[in-house]
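Residue numbers (the working numbering), protein chains in the order written: chain G, 1 to 295; chain Z, 296 to 603.
This is the structure we're talking about:
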């Protein structure tokens, strides 16, 4: 009897602090989750409110006029927001397709082919990542707008991004770690050409790596702001982010917050869907990028 | 990475003339050529032109006029340069250490295998990363509105005075910019450190436990030293990113109130694109670029000695 009660006391002595610790920990984690989620909630309910309800003395936890879709109809009927939304997708998709193609090819050459100067060229490519991008921003802008006359076109988004150093580096790492040399040698012996072995052996094996590169290209391309701000101005060419920024108005035009909120919801919804669909690849892309860069 | 730099000795292969060897591998060069071509056209070209521009006066039309070091002199004397530099450094060196600290703490918590729901928390904390900074700034602008935002309503309801967040004091606006940047970026840092924690072999913790280390000690003696490469990687990448900060202050405050959140990139943008002072802007761009390189270099040196 005595022995068990002592044991029970000891158990309680361990369990109670542990339980309190757990409760505190979960409270902390949940509060933090609220901090991260609240702006999304605010955006969602705000998209159904007019400016006067968005900015009232007592913030509205719930749209006062119910789920009134006036903002959305105004956004698509009057402003034609579908166009910038489509443009954002179009720019990001073409940029991603090009990056996947050119970076995989170059990554394959750097990982599996042997040619004079290969390692030196790879080292030079890595060094270029250190180049200060600030110094080239203004001349890049001038080059695109004044010399190539590419303002309101999408070439400035695509051409420099298709064969980026980071993407090639990532694909080289994926290919050299997941494609066995024996497989490529066997293919060569069987009479498979270089291009053939790239498409028939390398691509199927590194498909997970390709999806990582695709996501890491698509997201920043879709969300980019500075370059569209420099290059695009025609209403039919601007991106969704730029269109939203334009709703903020100028010193003479009043900001249109209700439209900004509805537009924000329209841009965020597909991004969240994208996130939940590709969460695994996105996370593995970030951690593998870090592992390869860090270790 | 190191094996890439060291050239492989050609074992048992007869040496052929170099040119013949290069011609034989024309296809490999074709595969890697897009990078080198686009780098030459879209990075080296503008960089060289920027160098020339930085010594010239150019308004975007007409001829360029050589002015020597005048642009650099103008930019060094620019009354805004110290303020924007100060702001950028304040943002960088508040965000960087706090970001690493918060992220390591949360990663250690979320790495705990007997914590039900840790996957959900990870998903939620990472959610803001995929969203658009323009949009986040719009929403934060409403939450922190000077007179009718959520935050001020909350402060008033608990008897505190309202704060003019975005158009009042400079530090309040800086605080909102910092909070917003953490809101977007912390999930990325957590993921990175989670990856780092998962790369640590459980046997090492086992060995530490057998040697009598408690959890706190094994964090300081095992976890933190093994996370060093990840901290190093994050510091290098985040420093460059933060010194280039543009979207958040541009959307939230346009650099205000009275320049309190104006970053180097914001100044570069308003000089070059807003003001069409291309010569000055190019000189300024070079100064920023050299600063970023210098800071990165010093940090890498310091951290190398720390990693050992």
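Note that the Cβ used here is the ideal one computed from N, Cα and C, for glycine as well.
All figures in this text were calculated on a predicted structure; none of them were measured in a lab.
- Pairwise C-beta distances place the stretch 143–161 of chain G out of contact with the stretch 61–74 of chain G, as fewer than three of them are shorter than 8 Å.
- Among the residues facing chain Z, residue 51(G) is not included, as its CB has no counterpart in that chain under 8 Å away.
- Just so you know, the alpha carbons of residue 598(Z) and residue 286(G) end up roughly 22 Å apart.
- Cβ-Cβ separation between residue 151(G) and residue 212(G): approximately 33 Å, too far for a contact (criterion under 8 Å).
- Flagged as an interface residue toward chain G: residue 428(Z), by a C-beta distance shorter than 8 Å.
- By the 16-neighbour rule on beta-carbons within 10 angstroms, residue 407(Z) is exposed.
- The CB of residue 435(Z) comes closer than 9 Å to the CB of 39 in chain G, given here in chain order.
- Proximity of residue 370(Z) to chain G, defined by a Cβ-Cβ separation below 8 Å, is not satisfied.
- C-alpha of residue 584(Z) to C-alpha of residue 66(G): approximately 51 Å in a straight line.
- Contact annotation: residue 542(Z) and residue 371(Z) have beta-carbon atoms that are not nearer than 8 Å.
- DSSP places residue 421(Z) inside the alpha helix (DSSP H), whose first and last residues are 413–421.
- Look at residue 513(Z) here: in three-state DSSP terms it is helix.
- At a cut-off of 8 Å, the C-beta of residue 149(G) has no neighbouring C-beta in chain Z.
- Scanning chain G for C-beta atoms nearer than 7 Å to the C-beta of residue 323(Z) yields 109, 113, 115, reported in chain order.
- Taking every protein chain shown into account, the CB of residue 231(G) has 16 or more other CB atoms within 10 angstroms, so this residue is buried.
- The beta carbons of residue 217(G) and residue 70(G) sit no closer together than 8 Å.
- The beta carbon of residue 206(G) is closer than 8 Å to those of 104, 171, 174, 175, 178, 179 in its chain, skipping five residues each way along the sequence.
- Measuring C-alpha to C-alpha distances from residue 18(G) to each of 409(Z), 394(Z), 379(Z) identifies 409(Z) as the nearest.
- In summary, the residues of the stretch 153–178 of chain G whose CB is separated from some CB of chain Z by less than 7 Å are 159, 160, 162, 163, 165, 168, in the order they occur in the chain.
- A Cβ-Cβ distance of about 4 Å is found for the pair residue 537(Z) and residue 387(Z), placing them in contact under the 8 Å criterion.
- Contact between the stretch 430–439 of chain Z and the stretch 508–526 of chain Z is absent, with fewer than three C-beta pairs closer than 8 Å.
- Rounded to the nearest whole angstrom, the C-alpha separation of residue 208(G) and residue 460(Z) is 45 Å.
- Sequence-distant partners of residue 238(G) (beyond 5 residues in either direction) whose C-beta falls short of 6 Å from its own C-beta, in its chain, are 84, 232.
- Comparing alpha-carbon positions, the option among 411(Z), 528(Z), 327(Z), 505(Z) lying closest to residue 119(G) turns out to be 327(Z).
- Within the stretch 191–222 of chain G, the residues whose Cβ lies closer than 7 Å to any Cβ of chain Z are, in chain order, 194, 219.
- Residues of the stretch 465–485 of chain Z that bring their beta carbon within less than 8 Å of a beta carbon in chain G comprise 478, 482, 483, in sequence order.
- Along the stretch 370–400 of chain Z, none of the residues has a CB nearer than 7 Å to a CB of chain G.
- Straight across, the Cα-Cα distance linking residue 354(Z) with residue 246(G) is about 26 Å.
- A straight line joining the alpha-carbon of residue 108(G) with that of residue 133(G) spans about 27 Å.
- Within chain G, the C-beta atoms nearer than 9 Å to that of residue 560(Z) come from 134, 137, 226, in chain order.
- In this structure the stretch 331–339 of chain Z lies against the stretch 158–170 of chain G, because at least three pairs of beta carbons, one per stretch, are closer than 8 Å.
- Contact annotation for residue 420(Z) against chain G: 32, 33, 36 [CB-CB distance below 8 Å, chain order].
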